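Residue numbers (this note's numbering), protein chains in the order written: chain A, 1 to 140; chain P, 1 to 114.
Here a beta-carbon is modelled for each residue, glycine too, at the ideal position from N, C-alpha and C.
For clarity, every value in this text was computed on a predicted model and none was experimentally measured.
One structure below.
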Amino acid sequence: MAPEKKFQLHLPSTLGCEKVAMDFAASVAKSMNFPADRVEDLKTAVAEACTNAIEHGNKLDASMKVGISLTIDKGRLQVAVQDEGTGIGRVPTPNIDSKIEGKSDPRGWGIFLIESLMDEVTFESTPEGNVVKMIIHLEK
Amino acid sequence: MAKAQEISIRPKGDVSVIDIKGDVTAPTGQPIEDAYHQVTAAGAKKILLAFASDCYINSGGIAILIGILSESRKKEQAVRMTGLSAHFQKIFAMVGLTKYAQIRPSEEAALADF
Numbered sequence: 001m002a003p004e005k006k007f008q009l010h011l012p013s014t015l016g017c018e019k020v021a022m023d024f025a026a027s028v029a030k031s032m033n034f035p036a037d038r039v040e041d042l043k044t045a046v047a048e049a050c051t052n053a054i055e056h057g058n059k060l061d062a063s064m065k066v067g068i069s070l071t072i073d074k075g076r077l078q079v080a081v082q083d084e085g086t087g088i089g090r091v092p093t094p095n096i097d098s099k100i101e102g103k104s105d106p107r108g109w110g111i112f113l114i115e116s117l118m119d120e121v122t123f124e125s126t127p128e129g130n131v132v133k134m135i136i137h138l139e140k
Numbered sequence: 001m002a003k004a005q006e007i008s009i010r011p012k013g014d015v016s017v018i019d020i021k022g023d024v025t026a027p028t029g030q031p032i033e034d035a036y037h038q039v040t041a042a043g044a045k046k047i048l049l050a051f052a053s054d055c056y057i058n059s060g061g062i063a064i065l066i067g068i069l070s071e072s073r074k075k076e077q078a079v080r081m082t083g084l085s086a087h088f089q090k091i092f093a094m095v096g097l098t099k100y101a102q103i104r105p106s107e108e109a110a111l112a113d114f
C-alpha cells in the first residue's frame with residue numbers, strides 16, 4: 001500500500017491569495033490523475049474555503065495565516081483549510097430567487113459550492129480556529 | 001495575484017455586448033457593474049455577457065452577477081451569457097443563475113436568440 005503523502009501551505013489573509021492554494025491543490029490532484037472536471041471542482045471548493053477563511057475567519061487581517069494541508073491517501077485527496085478565527089455561524093442554504101428579488105444577500109454561496117462539489121465535507125471549530133475538511137475520491 | 005481584468009462594451013446590432021476577461025470576484029466586480037450601468041443608461045434592452053473561457057469566477061463574482069440580473073429583471077432587460085467554460089456552466093446552473101440568464105454556446109448563437 002502506498003504511504004500517505006502530506007503537503008502543507010500557509011497563506012496570508014489577503015483576498016487573491018486563495019488562487020495560490022487553488023493552483024497548488026490542482027497540481028496535486030493532477031499528479032493523482034483526477035479527471036479534468038474533478039480538478040475544476042476541487043479548484044472552486046479550495047478557493048471558496050480559503051476565501052471564507054481569509055474573509056470571515058481571519059477577517060482580512062493579513063498578519064493571520066490560512067493553513068492548507070493536502071493529504072493523499074488510498075485514492076482520495078483530503079484538503080484541510082484552517083483559519084485562526086473564532087466560530088463562523090452556519091449560513092442558510094442560499095436561494096437564487098430570494099437573492100434576485102433582493103430579499104436576501106446576493107453573497108453566501110461558498111459553503112453551498114463546497115458541499116455540492118466535494119464528496120465529503122466537515123466543518124469544525126477548534127480553539128485554534130475553524131477547519132474545513134474536504135475529501136475528493138478518485139473513484140466517485 | 002489577480003489576473004489583469006479587462007471589461008469592454010461593444011454594440012452588436014441591438015445587443016450590448018459586455019466582454020469580461022480576468023477575475024470575476026467581489027474585489028474586481030465594480031468594473032463589470034459599471035459596464036452594466038453604462039449600457040443601461042444608454043437604453044440597452046438586450047445584454048450579452050461574453051466571458052473569456054479562462055475567467056476565474058468565485059462566489060463573490062456570482063454575487064456581482066446576481067446583482068446585475070436582479071437589476072436587469074426590474075428594468076425588463078434580456079440578459080444572455082456566453083464563453084463560459086464547462087465548469088462554470090455547471091456552477092451557474094447549480095446556483096440557479098441560468099434561470100435568469102440563459103447560457104449560449106457561442107456569441108453568434110446568443111445574438112440569434114434574443
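Would you please state the rounded distance, in angstroms, between the beta carbons of residue i and residue j? I believe it to be under 8 Å.
i: P/H87; j: A/E40; result: 4 Å
i: A/K65; j: A/A47; result: Not a contact, Cβ separation roughly 17 Å.
i: A/L113; j: A/T44; result: 6 Å
i: P/G61; j: P/T25; result: 5 Å
i: P/A50; j: P/E107; result: 6 Å
i: A/N58; j: A/S13; result: 4 Å
i: P/I47; j: P/V79; result: 5 Å
i: A/E4; j: A/I72; result: 7 Å
i: P/L111; j: P/G29; result: Wrong, their Cβ atoms sit about 25 Å apart, outside the cutoff.
i: A/I68; j: A/C17; result: Actually they do not touch by this definition, with Cβ atoms about 10 Å apart.
i: P/F114; j: P/V15; result: 6 Å
i: A/N130; j: A/D83; result: 5 Å
i: A/L15; j: P/P27; result: 6 Å
i: A/A21; j: A/L42; result: Between A/L42 and A/A21 the Cβ distance is about 11 Å, and since that is not below 8 Å, they are no contact.
i: P/I66; j: A/P106; result: 4 Å
Have a look at the DSSP bridge pairing and note the partners of residue i.
i: P/P11; result: P/S16
i: A/S27; result: Looking at the DSSP assignment, A/S27 forms no beta bridge with any residue, so it has no partner.
i: P/Y56; result: P/D23
i: P/I103; result: P/M81
i: A/N130; result: A/S125
i: A/E146; result: Given that chain A is displayed from residue 1 to residue 140, the structure contains no residue 146 of chain A and the question cannot be resolved.
i: P/L49; result: P/I18, P/M81
i: A/R76; result: A/D73, A/H137
i: P/E71; result: For P/E71, which the question treats as bridged, DSSP gives no partner whatsoever.
i: A/V81; result: A/I68, A/V132
i: P/E6; result: P/K21
Got a sec, what are the start and stop residues for the alpha helix (DSSP H) residue i sits in?
i: A/N95; result: Counting along the chain, A/N95 falls outside any alpha helix (DSSP H), and DSSP gives it neither H nor E.
i: A/P12; result: Counting along the chain, A/P12 falls outside any alpha helix (DSSP H), though it belongs to the beta strand (DSSP E) covering 5–12.
i: P/Q89; result: 86–95
i: A/N52; result: 36–52
i: P/A41; result: 30–41
Since residue i meets chain A, which of its residues come closer than 9 Å, beta carbon to beta carbon?
i: P/A63; result: K99, D105, P106, R107, G108, W109
i: P/K99; result: I96, D97, I100
Quick one: list the residues of chain P neighbouring residue i, beta-carbon separation under 8 Å, in chain order.
i: A/L113; result: S59, I91, M94, V95
i: A/S116; result: M94
i: A/A29; result: Ordered by position in chain P, no residue passes the 8 Å Cβ test against A/A29, which lies about 14 Å from the chain.
i: A/T44; result: N58, H87, I91
i: A/T51; result: N58, S59, G60
Span of the beta strand (DSSP E) holding residue i?
i: A/L70; result: 65–73
Name the chain P residues that come within less than 9 Å of residue i, Cβ to Cβ?
i: A/D37; result: A86, H87, K90
For a contact meaning CB atoms closer than 8 Å, what does residue i contact in chain A?
i: P/P31; result: What P/P31 touches in chain A: nothing, since even the nearest Cβ is about 16 Å away.
i: P/P27; result: L15, G16
i: P/I66; result: I96, K99, I100, P106
Which chain A residues are close to residue i, counting only those with a beta carbon under 7 Å from its beta carbon?
i: P/R73; result: I100
i: P/L69; result: I100
Cβ closer than 7 Å: which chain P residues qualify as neighbours of residue i?
i: A/A47; result: N58
i: A/E40; result: H87
Can residue i be considered in contact with the ligand NAD, in the sense that its beta carbon sits closer than 7 Å to one or more heavy atoms?
i: A/A62; result: Within the structure as shown, the ligand NAD is missing, as the structure has no ligands at all.
Closer than 8 Å is the cut-off here; do at least three beta carbon pairs connect the stretch 9–27 of chain P with the stretch 85–102 of chain A? Contact fails: fewer than three Cβ-Cβ distances are below 8 Å.
Counting Cβ pairs closer than 8 Å, one from the stretch 114–133 of chain A and one from the stretch 74–87 of chain P, do we hit at least three? Judged by Cβ distances under 8 Å, the stretch 114–133 of chain A makes no contact with the stretch 74–87 of chain P, as fewer than three pairs qualify.
Contact between the stretch 33–45 of chain P and the stretch 75–86 of chain A (3+ Cβ pairs under 8 Å): At 8 Å Cβ cutoff, the stretches do not touch.
Segment contact flag, the stretch 23–43 of chain A with the stretch 39–54 of chain P, C-beta cutoff 8 Å, min 3 pairs: When C-beta atoms of the stretch 23–43 of chain A are compared with those of the stretch 39–54 of chain P, fewer than three pairs fall below 8 Å, so the two segments do not count as touching.
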